[in-house]
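Report on the following structure.
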Amino acid sequence: MGLEFRRRDYRAEELALSLQRGRADTHPLSASSSSSSHLQVEECESGKDDFCDPLRVSDGSTEMSSSDVNREDACTEATAPSQLKTMKGWISYKKMLMQRFPVSKTSPMSVASGVHVKGTKAIEKSAKDLHSGELDDDKIFDDKDVKGISQQEHLSKLHALKDEINQYWCAGDRVTSLRLSIKAVRSLMDSSAIQIYPTLFVLATDIMDMLGDLVWNRIKEKAEITEENFKADDICFDAKETCNNWFSKVGSIRELLPRIYLELALLPCWRFLHDHPENILKRLVEMTRGIADPLASAYCRLYLAQCSLRLSQHDTGFLIACINDLKLVLARLTPARETVNGNLYGNIELLLTLVEPAIEYVIKCLFKDLKKMEISKMLLALGLSSNLSILSKNHSCISVVLHHILKELPVEYICSNAVELLHLIEIIDDRSFDQSLNFNLLGHRLCELVSQVSNVHLLVDKFIQVLSCHANLHAYLMLADAYLDIILENHLGMLLNVILDGILERVRDERIGENELVILQSVFLKILTHFGDIEKILALNHFADFLDMMHGSARNSINMHILNMATRNGQIQDPIIIEVLLEVAQALYNGLDFSNMRKDEYQHPSRLISRFVYMVDHGMEVESHLRFLAQCRGAFSGINELQENLVHSSNNLAVKAMRNGNSSMSFVKSCLAFNEVTIPAIPANLRQLNLYIETAEVALLGGFVSHLDGLLNAAVNCLQMIDPVNVMQMAEDGDEAISLICKLCGMSVMVPGGVEPEVAYIPKRLLSFLNSQSWILPRMKAKILSAIVFLSAALSQNQLPYHAVSGKVICNYQLFVGFPSAHQELLSLSHIALQGIVNCVMQESSKERGKLALESCNCVASSFMASDETLEACSKLVEIAKSCYSADDKFLQSTLKFLDASQFHLLCNSGPVG
Amino acid sequence: MSVEIKLSRFNRIYRPGELLEGKIITTLNSSISYQSIRLTLNGAVNLQVRGGLAGVIESLYGVIKPIPIMKKVVDVRSSGKIGSGTTEIPFSVILKDPKEKNLGKFYETFHGGNISIQYLATVDIARGYLHKPLSATIEFIVESDKDNLPPKPIPPDMVIFYITQDTQRHTLISELKSGGFRITGRICTQCSLSDPINGELTVEASVVPIRSIDIHLLRVESILIGERIATESSVIQETQIADGDVCRGMTLPIYIILPRLLTCPTILAGPFSIEFKLSIVITFESDLYKKPSKADPVSSKPWMATESMPLELVRTA
């Protein structure tokens, strides 16, 4: 009995085998509340020391300093764990300070203060001297010569000094430790090397902190105190005496600055003597007034603010006094604008940048635990009042101080006092800080809580007044940007137009630089996000002018935002919008440089453009839509994804046209022709294959047999072109290729075969393809061969499983009814395929072998009548499956059942094996 | 083989009415026998006049005969033996026994340039003729008895001062003379030894930039030699309160902790006196400053302005 196809009634089989279908309650892709919760990405915690601005990190010469601060961490943690929490912010602040003002390695400086230790005479000083209240013989150490040594050397000397101080202390020579500490802090008296002053400060205060801890621990040990909350009365006489000795030693230092620093270092020790050492801070603040040098005094106040944090409680009065004093010092530096000449002013500017971090820190300390009620009172105490009479009575406030206060003020306070603050900034205009930056800061702070800004109209009116005074484009843009949210939030469209007009006016006079471009981009983005609708944006004044103003990456970014926004809300139908967006997309495309950009850089814009093209919808105007597609094909030839989408869209159009029935066949033909031109330009073979099959389906639907043949031919040709190397590397590509081939086979059922080419033309070419390509794995081969068997079996049926909807294509069963040659041809093809299947399954070695065997077995049993040949094949396959699966495997069981039902009585089943 | 004295108080401060307590500590290689262990307490005012201040004859002698305050000899142990190793022998002596008659008034310990008031405790271990006696000396510090002292706080006795170009008796550089300056403030002139000297100072005006403002603490030692009084004042502590050209109109605090051993209550005794003074020294910026000058008295420096005032130091309870 030869090979014979089984007669099948596909419809009855489908009815019998298909599962009961029911309507689902929810869409499988709709987000349900339960599943979405664990999909949320957890916000990852940013680094601990966020105080340090990464942008301020300079590339050179900071390694030394930061590593030292790290070492510092370990050291202080070991000595005084109780003060850790206040120390942490201080350590990161110091790190920031060093990074912000790095030390260059080469520039020489003169050191008159003489940090270097000359001899070891000091060791001779015995502990007996601890009682004497005087440190008379500083001369031992003083090295009066002015030496030209590099800054780096100077700093490393200071480093060595720290270790030395520690060593002397450990050796019991505390007097020398103190002397060396004084020596170290004396280096802060010389602010001539202005650039390294912050670094000097950090190093010197490291030493101070260390000494402070050492003394604290020593007295504490003497006092035999263990808990932290002790009272001065608990301290024994000897400990108090030691403490007094330290203070009188420090008091005997002649120079003011070292005396203040050392007293600050020992500040916590006052607790051994008084229960309320806070009052001492007031005196120290006043003493600091004696330091005339603005830089030295600012940093001294910085250290004072830091040390005050170590006391458990204190009021903020002394800090306010501190800031007010600092303002006086700065006021001397920044006289009226006219009187200062350029060179001098340059120095002052440098000085101000160096002083600024100190001001920042002191103000931060001031606001640390401030209660809301106290803010107004405190601002008044600082001389900050928008009431002019009070302001003039008080000394003027320095704008740099105001800037940092604005930074620290709680946002609620800012929002409820916005008008007053704006007014305040307007009055305070001195050289110490750029006024527009203060306006800017206020704007940004207000935007933090834009919904709570009070007196919006008054505020905005005032703001527009201020804004109009700025002729400079950069300042104008910056301010506009800062306050834009307030204007947008309150729907003040008219003012928005005023601002936009203002920008345009200034752009005419000035060239747009890179900085301005960045702000302009930010302005644009705010407007875009606010309106969120392309139509409203287009309705804005000067939209196109603004777009034209921009170039480079800012332009790209804006273009992307526009496209993203436009494609977010469904299809785009308005022809004007389409035109504008096409221009935008083209500009974006022109900005892309495919050869020089990394893939992730151009991927996002490419996707946006593709999505835009995909979202365009001309409705019934299918012809103009096709023209649009053709236009896009030309315009965005570099984006492959877009080219693919064009084919999809064109197919959509064709199907749409056919459905509506009102358009002529020629339109569908032009769609097909469009695709036939477009597909070859796409570089990936598999994508081509897919698109060819898709287009072929459309052709089949429309009954364009000649196109269909051409397309299928091209598809099979595509197969031959597949680059084996690519497929070998990417397993998914191989699988995709196989499933596409199976799809091709499935579709071939409907393709009418003529004499030329004959019925089995496609399966035959597939077979030869299988034999010619070595990269195809056995399991893939088996699948394709199965598909060929199914195809052949289907073609030989009287009733095809499915056929084209339109009646235009004549089906094969109608063509070849009773035509034996075709039947024979199919049988012989199947014969080869059957052999191939068995061979392939036997060659397959992976764990999928058993599954493959059973699948193939099902294929054979459902396609052929039982015969010697098919029985033999099935037996082999079942044997293989049994070797892979246990006997009670469900797939194996059901397959065996199916074989039984199909009258495939296998030899091994009926009798014992062997 | 050594002997030392260890006092009960680590700061070694005792008042005349108190017991001086402590231990005699011997560290010996082998045991020794002794005839006596004797503790001698000695207190005296030592005076000396250096050349220039005194006349020719006195300068030849240099040292003037000291004024004894106390001398007390106590036998801690009569003859016996001390074993090897470390041995501690406690002692306790009252400094000023009301029953005894003392040689002089118990002035407080003071170490000055020409006058020094010193109290010493010496231990002698006599071991007969054949052996060298062992001995050790330690200074102890005497402060006044609390009973007779004025209570704290003493009434603030502030003086207001002002310093201008017109208050200066020495010649000033011409810029100072023409430009003028005015520095005002107040400072206390009576002060407890345990408290800091308080005050304040304001630079109201100065055309010439200020270089530094210092407060000098001076001691004035006077010694009666025959009919004449030799007086010498010397700076014992300098405290800077302004470094550089400070803001005008800002009040700077004056806060000076008195150095312990270099000060004592103001003494006006017959043969000698110890007094203190404060000088406010303002140094102005000047090119002359850099030129080396041979003569050093403050008055000869034309870029400086000074104002001095007496300071009475008091021991308070």
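These protein sequence lines are chains A and B, in that order.
Mind the numbering: the first sequence is residues 1 to 914 in UniProt numbering, read in order.
Mind the numbering: the second sequence is residues 1 to 317 in UniProt numbering, read in order.
We put the CB at the ideal spot given by N, CA and C, even for glycine.
None of the values given here were measured: they were computed from a predicted structure.
Exercise for review: Excluding the 5 residues preceding and the 5 following P575(A) in the sequence, name in chain order all residues of the same chain whose CB lies nearer than 6 Å to its CB.
Suggested key: none
Exercise for review: Spatial neighbours of F463(A) within its chain, please: CB distance less than 6 Å, with the 5 preceding and 5 following residues excluded, ordered by chain position.
Suggested key: Y483
Check your understanding: Are any of the Cβ atoms in chain B nearer than 9 Å to that of residue 921(A)?
Key -> Lying outside 1 to 914, the shown extent of chain A, residue 921(A) is not represented and no answer is given.
Exercise for review: Pair every Cβ in the segment 192-203 of chain A with every Cβ in the segment 257-276 of chain A, then say whether three or more of these pairs are closer than 8 Å.
Suggested key: no
Point to revise | Endpoints, alpha helix (DSSP H) assigned at I880(A) | key: 868-884
Review point. In chain B, what lies closer than 8 Å to L382(A) by C-beta?
Key: Near L382(A) there are no residues of chain B at all, since even the closest Cβ is about 17 Å away, more than 8 Å.
**Study point:** Other residues of its chain near R659(A): CB distance less than 8 Å, five sequence neighbours each side excluded
**Key:** none
Review point. Between I741(A) and A782(A), is the Cβ-Cβ spacing less than 9 Å?
Key: no
**Study point:** Residue from K301(B), M304(B), R12(B) whose Cα sits closest to the Cα of I141(B)
**Key:** R12(B)
Practice item. Note down, in chain order, every chain A residue with its Cβ under 8 Å from the Cβ of M70(B). Key: Correct list: empty, because the minimum Cβ distance to chain A is about 22 Å.
Check your understanding: Would a check of beta-carbon distances place P54(A) closer than 9 Å to chain B?
Key -> Annotation note: pLDDT 40 at P54(A) (below 50); position unreliable, no value reported.
Point to revise | Residues of the segment 142-153 of chain B whose Cβ lies closer than 9 Å to any Cβ of chain D, in chain order | key: No chain D is part of this structure, whose protein chains are labelled A and B.
Point to revise | Nearest-angstrom Cα separation, counted from K231(A) out to A239(A) | key: 13 Å
**Study point:** In DSSP terms, what V329(A) is bridged to
**Key:** In the DSSP output, where bridge partners are listed per residue, V329(A) has none listed.
Check your understanding: Which residues does DSSP pair with V3(B) in a beta bridge?
Key -> T26(B)
Point to revise | chain B contact for I291(A) (CB, 9 Å cutoff) | key: yes
Exercise for review: Give the interface partners of T184(B) over in chain A, defined as CB-CB distance under 7 Å, in chain order.
Suggested key: Residues of chain A passing the Cβ test: none, with the nearest at roughly 15 Å.
**Study point:** Within chain B, the residues that A329(A) reaches when beta carbons sit closer than 8 Å
**Key:** Per the sequence presented here, residue 329(A) reads as Val, with Ala not at that position. Ordered by position in chain B, the residues that pass the 8 Å Cβ test against V329(A) are C247.
Check your understanding: Going by beta carbon distance, what residues of the same chain come within less than 7 Å of D275(A), once the five residues before and after it are set aside?
Key -> K231, A232
Review point. For the alpha helix (DSSP H) that K850(A) lies in, which residues bound it at each end?
Key: Looking at the sequence provided, one finds Gly at residue 850(A) rather than Lys. Unbroken alpha helix (DSSP H) run through G850(A): 849-863.
Practice item. Could you tell me which uninterrupted alpha helix (DSSP H) segments, each at least 4 residues in length, are contained entirely in the segment 421-482 of chain A, listed from first to last along the chain? Key: 435-448, 456-468
**Study point:** R219(B) (DSSP reduced to helix, strand or coil)
**Key:** strand
Check your understanding: Roughly how many whole angstroms lie between the Cα atoms of G179(B) and T239(B)?
Key -> 27 Å
**Study point:** Per-residue DSSP class, three states only, for H707(A)
**Key:** helix
**Study point:** Residue nearest to L7(B) in terms of C-alpha spacing, selected from I229(B), K177(B), E21(B), G199(B)
**Key:** E21(B)
**Study point:** Contact list for the segment 241-270 of chain A against chain B, Cβ threshold 7 Å
**Key:** E241, F247, S248, G251, S252, R254, E255, L256, L257
**Study point:** DSSP three-state assignment for I639(A), whether helix, strand or coil
**Key:** coil
**Study point:** CA-to-CA distance, I577(A) to N590(A), given in whole angstroms
**Key:** 20 Å
Point to revise | Short-range partners of chain A found in the segment 1-29 of chain B, where Cβ spacing is below 8 Å | key: F10, N11, R12
Review point. When the Cβ atoms of the segment 307-320 of chain A are set against those of the segment 220-234 of chain B, are three or more pairs found closer than 8 Å?
Key: no
Exercise for review: Anything in chain B within Cβ reach of residue 981(A), meaning under 8 Å, just list it in chain order.
Suggested key: Past the edges of chain A, shown from 1 to 914, lies residue 981(A), and the structure says nothing about it.
Exercise for review: Go ahead and pull the three-state DSSP assignment for M70(B).
Suggested key: strand
Review point. Cβ atoms of L155(A) and T199(A): under 9 Å apart, would you say?
Key: yes
Review point. Any idea if L17(A) is buried or exposed, counting beta-carbon neighbours within 10 angstroms, 16 or more meaning buried?
Key: exposed
**Study point:** P302(B), DSSP secondary structure in three states
**Key:** coil
Point to revise | Those residues which DSSP pairs with F612(A) across a bridge | key: None, per the DSSP bridge assignment.
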